[in-house]
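Novice: Residue numbers (UniProt numbering): 1 to 102. Note that beta-carbon positions come from the ideal geometry of N, C-alpha and C, so glycine has one too. Being a predicted model, the structure only gives us computed values, none of them experimental.
1. Taking Cβ to Cβ, would you say residue 80 is nearer than 7 angstroms to residue 68?
2. Please go through the UniProt domain "Cytochrome c" (22–100) and give each complete beta strand (DSSP E) segment of 3 or more residues, from N-terminal end onward.
3. Any chance the region 30–38 sits against the region 53–65, with 3 or more Cβ pairs inside 8 angstroms?
4. Given residue 78, which residues of its chain have a CB within under 6 angstroms of its CB, disregarding the five upstream and five downstream residues?
5. Name the residue from 61, 48, 75 whose alpha carbon lies nearest to the alpha carbon of residue 88.
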């Protein structure tokens, strides 16, 4: 009986994993295109500072997510709140801390 009860749960878990993987790709594209326009296409810096893991070492992911959402007043860093939600900003911050595949 327990195995039968898990039947409907397993497909949902697989769907959720697939959705998470599918969501990561557009966010990675956004980082490369939109963030890369100021931070350099390889994120090594440009108008904005580098966004490579070594440059972000010691910076909490939550603080990076706040910068993504609220921008930095008085600088070219715009707020993305309204275009991204909190979860998306946290996923981008985690991606940047981990590093994007070339």
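Specialist: This is what the structure holds:
1. Cβ atoms of residue 80 and residue 68: closer than 7 angstroms.
2. Within the UniProt domain "Cytochrome c" (22–100), not a single complete beta strand (DSSP E) segment reaches 3 residues in length.
3. With a cut-off of 8 angstroms, the region 53–65 and the region 30–38 do not count as touching, because too few Cβ pairs lie within range.
4. 71
5. 61
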